[in-house]
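Residue numbers (the numbering used here): 410 to 1002. First up is the structure itself, then whatever we jot down about it.
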């Protein structure tokens, strides 16, 4: 328990400066690295013909995002189908099958990284680099770009300009993903993660058998898969293997890598909204002095504490709501795994160490439970233990957090989805007191609520509809290797992971079939792009609205009370949509032990 608490404290200390750095990039403010990166960006703009100062409305931004991703999908699919050529292919890997290629390219372009194959035997080094690692950079940068455009729309500093997608894509890649990946990759190499182009090693074991040890550019894939909240793995067993994750230090490096940028997006949101409020205050009252901060005319105005300055007042409440849900889930997962397996306990086996099935001894219960909760809360999908072997309640936590898809999330998705619940929360509270709901000093009206409701309902619709199809058709039933309650949990986990663009799985599912490749691919595609387009539409609608003055009846969304309201709204919606399915899966399985 102590190591979990220390890990979380270190994360909070780390995320604040990273959040401030991402905020300066998103808002176009100068940074210490500009003398270098301005030249790099300028060269890329010149080669690609990008006009970084060109503005886009939300429709143009969404079209550029989807169009760019579509081109990369076609190119990546072609590479997977032709990877059998003798180029960076020392292990002589053959071409990938059609439906598996479809699933794989959709998976990595949507930042899901769900793998229906084993990386060391399914991909050549050429595919690992040109498709997998490249897509990990581009898909992550695409998600963060969409989040930044969404925040710009909410901040409302312009009535039409949400930024330039191509400029955002370049700046996020060159100023955040690449430098962080270089540093993190070197740290992983220091800890023993391979980085080479050698063929796999065949060694003789002590028992006299032969074992294949995977080689290749592992470290470069490992760092971007975590930093970009991509997931997947160079090896089928992922970060549970010593090759991808050899030490407790590498485990922490990988865990912090996937936590940093999603948390930084919340800080970016808080600071950009604060900037807008200061602009409004300047227009209304001016400065209190030549070098003083502007004075805000607000019923809730007060001298900001250190937390408010670090996170922004609006960002603080969103971060708190996410943190509460995360800690509740982590507590349940840690407790459930610490109790051990009741079935083994009844058989007379000592369970004082907890349920160690499927876990690495070098990580133990605490770091396994923490990594499990982090990877599905920050929608990364990497694993340092096998989720299929978790206890029923322990396995319900990652499943539930993917169903919620608001607990920090990956590449800004968690923030964007949580804002949808914030809009829903102010709408519900407005109905209770008979006021038109407001969020960030903008009125929430019919158009915004219809789009918000549509965005929120898409996620459970994809999960539950595809799960129902799987258990009702022969193609779906053929993949279920565990009959009964756990089999349903496997199905729910597969589609929750796909729709949330997470990528982890209950690996007992036999999912490399035409049915599972196609349906999971569709869930990943619609779960990614429908939500992004709708959320950009909401931001585009709000940015055109006039600011309204705060009154005594205004619901303040920048305090802890609103964070608690937000948590209740999220859980109530989850109970209404997912509880019946969870009751038939992990909860029923727990009750039968």
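Glycine included, every Cβ here is placed at the ideal spot set by N, Cα and C.
Item, Value
"Nearest to residue 826 (by Cα), restricted to the options 915, 584 and 861", "861"
"Under the three-state DSSP convention, the category residue 524 falls into", "coil"
"Residue 944 versus 899, 556, 751 and 511, residue with shortest Cα-Cα distance", "556"
"Paired residues, beta bridge with residue 847 - DSSP", "852"
"Option nearest residue 643 by Cα separation, candidates 655, 427, 624 and 637", "624"
"Whole-Å CB distance - residue 550 paired with residue 572, under 8 Å assumed", "The pair is not a contact, with the Cβ atoms about 13 Å apart (cut-off 8 Å)."
"Pick from 656, 733 and 880 that is closest to residue 972, judged by C-alpha positions", "733"
"Cα-Cα separation, residue 836 to residue 952", "18 Å"
"Extent of the continuous beta strand (DSSP E) to which residue 613 belongs", "610 to 613"
"9 Å Cβ cutoff met for residue 566 and residue 685", "yes"
"Closest by C-alpha distance to residue 915, when choosing among 505, 799, 976 and 851", "799"
"For residue 852 and residue 954, believed in contact at Cβ under 8 Å, the rounded distance", "6 Å"
"Supposed contact pair residue 863 and residue 675 - C-beta distance, whole angstroms, cut 8 Å", "Their Cβ separation, rounded to whole angstroms, is 24 Å, which puts residue 675 and residue 863 out of contact at 8 Å."
"Sub-9 Å separation of residue 938 and residue 475 beta-carbons", "yes"
"Proximity below 9 Å, CB of residue 522 to CB of residue 516", "yes"
"Neighbour-count burial assignment, residue 868, 16 or more Cβ in a 10 Å radius", "buried"
"DSSP beta-bridge partners of residue 622", "610"
"Which listed residue (542, 461 and 833) has its alpha carbon closest to that of residue 977", "833"
"Supposed close pair residue 964, residue 838 - CB separation, criterion 8 Å", "5 Å"
"CB contact flag (residue 579, residue 434, <9 Å)", "no"
"Cβ contact (3+ pairs, closer than 8 Å) linking the stretch 811 to 818 and the stretch 664 to 681", "yes"
"Bounding residues of the alpha helix (DSSP H) (the contiguous stretch that carries residue 803)", "801 to 813"
"Stretch pair the stretch 634 to 650 + the stretch 537 to 551: three plus CB contacts closer than 8 Å", "yes"
"Straight-line gap, residue 617 to residue 533 (C-alpha atoms, nearest Å)", "29 Å"
"Residue 470 to residue 547 span [Cα, whole Å]", "16 Å"
"Short Cβ contact (9 Å threshold) for residue 542 with residue 600", "no"
"Distance between beta carbons of residue 929 and residue 871, contact taken as under 8 Å", "10 Å between Cβ atoms; not a contact."
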